[in-house]
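K.L.:
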DNA sequence: ACTTCAATGGAATGTTTATTCCATTTCATG
DNA sequence: CATGAAATGGAATAAACATTCCATTGAAGT
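Residue numbers (our numbering), protein chains in the order written: chain A, 5 to 275; chain B, 5 to 275.
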């Protein structure tokens, strides 16, 4: 007999384990729980059963299949996860806001909250398949070029640092000295461009050049459409929450560093 | 009769409203709830009452003082806040991880989770008073100098963008062309230095120069002690979670942009 | 078509938890 | 010090809920 899953991760593993060869109603329970794991902490068996379209007793039986003594036993795991997830974040945020509308603390609360929201949205909205494709396209490149100006520049700069640290050839197109760096992009290379609306002309022009030459481009941007469409262009949209006229770019940085590390891992696996 | 608070914010407002002229036991309830708001969603009256050191019936009465019909009625508000706070973040994260240990999606889940954790830690650990001091010190400066190399460079670059956008004089010490930019720091200016262990020599040297000349320095760093101590140095520590050898710097960026916007707001209020 | 056994739904049960009520205490006031 | 009103704690009650049991259904094998 397998021991009962002690963490949310274990739970999903177990769910996957038992998912085959399950009778109809039990399968409904499994599917519903897989898609609505977060509801378990706060719902009653009856609510959950209704959601899954089964009788409460069926849900009870499923809990036992999963290895728990009953529903309450299972719920404990998820309640623990919730309460450790936000130890006292919510109260701290309101405490910071309470220091006054214009105080730096209140501002920090806004940015932290916006950043957290953006990260969650990123996790919820990201197209895993597109991400895989982007990594594959970049992993095939000799050298990776990095474009991003004005507020997108820090993202490119960070990518440059990451690639350097992994020993991967990369070039930051920073426009220093107004040199024409575009000419250094060769067949077999790839471009990661970061740009937000309103798109900067230089970055759009650089992407267009690459598209014309059929060089792979991965675009990090804030609109699903992106600045340029084309056969060799892969757009990864990131919804970033604003605070006034500014945004913290937490989600964009996250996606960027993920790309870099994933490409590095793919390369080292290939060699 | 005041209507019952419909949100966690309303709740705190109401708590403050009634906080004076309360009998002893009711005051205990108020104090405990103010400090442990996050527990309400998952606890029973009995648990809460024990925590506050009162009888369950006292806690019930307090719920009614707050305007609710009873404990369950009050709890609803907090449960709603929890479930909207994590729509299905937790399940998405595990779904992303499920795509395979080495997949880009799993990596993204790691970085998003790390970023979120860092932001929460920032909100919980930040010293609001130190933040106020830092803003005050910077708001008095003619020009703000920005130092940060290697992985700290993106943070400085972003600060440079923010100050430029607000029309505030700022100079990014980027080391391009190995020019000695240190000489441009004048009495009446201030420095924001970002550096992580192991600290880069150039940045430490620049901070030291400023300390020697009694020029205000705000340091964003990952250790509470910071690279340099001194009368004119104010260290703002940021605990940033690592993913392997990399970190996403979400919290540092958040703190940086907060500093910049708060300084901008302070300046425009003064003029 | 018949038998058998797993699967299922619904009703009955027992437990936990909220809520109310009342006897007792505490405190302020005359 | 006496009296009344507010406050309090604990026990009684009621509601919500998890859990179990059993009769019925459905499916597989003979």
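Even for Gly, the Cβ is constructed at its ideal location relative to N, Cα and C. Only a predicted model underlies this, so the values are computations on that prediction, with no experimental measurement involved.
1. Please work out which residues of its chain come closer than 8 Å, Cβ to Cβ, to residue 137 of chain A, disregarding the five sequence neighbours upstream and downstream, and give them in chain order.
2. Checking 8 Å against the spacing of the C-beta atoms, do residue 142 of chain B and residue 176 of chain B come in under that value?
3. Going straight from the alpha carbon of residue 280 of chain A to that of residue 86 of chain B, what length do you get?
4. Report yes if the CB atom of residue 81 of chain B is closer than 8 Å to the CB atom of residue 12 of chain B, and no otherwise.
5. Under DSSP, the beta strand (DSSP E) around residue 177 of chain B begins and ends at which residues?
6. Inspect the beta-carbon positions of residue 122 of chain B and residue 245 of chain B and report whether they are closer than 8 Å.
7. Just checking: is the beta-carbon of residue 5 of chain A within a distance shorter than 8 Å of some beta-carbon in chain B?
8. Considering only the alpha carbon of each residue, which of B/47, B/43 and B/226 lies closest to residue 156 of chain B?
9. Based on Cα-Cα distance, which residue from A/9, A/171, A/240 and A/195 lies nearest to residue 84 of chain A?
10. Going by DSSP, name the residue or residues bridged to residue 221 of chain B.
11. When you check each C-beta in the region 129-146 of chain B against every C-beta of chain A, which residues fall closer than 7 Å?
12. Considering only residues of the same chain and omitting the five flanking positions on each side of residue 174 of chain B, which have a CB-CB separation below 8 Å?
13. Answer with buried or exposed for residue 216 of chain A, where buried requires no fewer than 16 other C-beta atoms within 10 angstroms of its C-beta.
14. I'd like the list of long-range same chain contacts for residue 232 of chain A, defined as Cβ closer than 7 Å, with 5 residues on each side in sequence excluded.
15. Helix or strand or just coil, what does DSSP make of residue 106 of chain A?
16. Taking the C-alpha atoms as reference points, what is the distance between residue 270 of chain A and residue 258 of chain A?
17. Report the three-state DSSP secondary structure of residue 190 of chain A (helix, strand or coil).
18. Could you work out which residues of chain A lie near residue 190 of chain B, taking near to mean beta carbons separated by less than 7 Å?
19. Cα separation between residue 56 of chain B and residue 107 of chain B?
20. Using a beta-carbon distance below 8 Å, is residue 257 of chain B in contact with chain A?
21. Compare the C-beta of residue 113 of chain B with all C-beta atoms of chain A and state if any pair is closer than 8 Å.
22. Kindly provide the ranges of any alpha helix (DSSP H) runs that are 4 or more residues long and lie completely inside the region 24-71 of chain B, ordered along the chain.
23. Check the DSSP bridge columns for residue 250 of chain A and list the partner residues they point to.
24. At a CB-CB cut-off below 9 Å, which residues of chain B make contact with residue 155 of chain A?
25. Measure from the C-beta of residue 266 of chain B to each C-beta in chain A and report whether the shortest distance is under 8 Å.
26. By the DSSP assignment, the beta strand (DSSP E) with residue 210 of chain B in it spans what residues?
27. Less than 8 Å between the C-beta atoms of residue 219 of chain A and residue 194 of chain A, yes or no?
28. Could you tell me the alpha carbon to alpha carbon distance between residue 145 of chain A and residue 189 of chain A, rounded to whole angstroms?
29. Report the residue from B/17, B/114 and B/69 whose alpha carbon sits nearest the alpha carbon of residue 252 of chain B.
30. So, helix, strand or coil for residue 11 of chain A, using DSSP?
31. What separation, rounded to the nearest whole angstrom, lies between the Cα atoms of residue 5 of chain A and residue 35 of chain A?
32. According to the Cβ coordinates, are residue 254 of chain B and residue 119 of chain B closer than 8 Å?
33. Let me know if residue 192 of chain A comes out buried or exposed under the rule of 16 or more other beta-carbons within 10 Å of its beta-carbon.
34. State yes or no: is the C-beta of residue 125 of chain B within less than 8 Å of the C-beta of residue 39 of chain B?
35. Within 8 Å of any Cβ in chain B, is that where the Cβ of residue 119 of chain A sits?
36. Only counting runs of 4 or more residues, tell me where the alpha helix (DSSP H) segments fall wholly within the region 110-165 of chain B, in order along the chain.
P.N.:
Judging by the given coordinates:
1. 238
2. no
3. Residue numbering for chain A in the displayed model covers 5 to 275; residue 280 of chain A lies beyond these limits and cannot be assessed.
4. yes
5. 174-177
6. yes
7. Residue confidence is low: residue 5 of chain A scores 48 on pLDDT, short of 50, so the model does not pin down where it sits. Its coordinate-derived value is still stated next. Chain B contact via Cβ: absent.
8. B/226
9. A/9
10. B/195 and B/237
11. 130, 132, 135, 136 and 139
12. 147, 148, 149, 150, 163, 164, 167 and 168
13. exposed
14. 208, 211, 212 and 215
15. coil
16. 18 Å
17. coil
18. Going along chain A, no residue has its Cβ under 7 Å from residue 190 of chain B, so there is no contact; the nearest lies around 25 Å.
19. 47 Å
20. yes
21. yes
22. 28-39, 49-56 and 60-69
23. A/247
24. 162, 165, 166 and 169
25. yes
26. Not the beta strand (DSSP E): residue 210 of chain B falls in the alpha helix (DSSP H), residues 205-216.
27. yes
28. 11 Å
29. B/114
30. coil
31. Residue confidence is low: residue 5 of chain A scores 48 on pLDDT, short of 50, so the model does not pin down where it sits. Its coordinate-derived value is still stated next. Their Cα atoms are separated by approximately 23 Å.
32. yes
33. exposed
34. no
35. yes
36. 132-143
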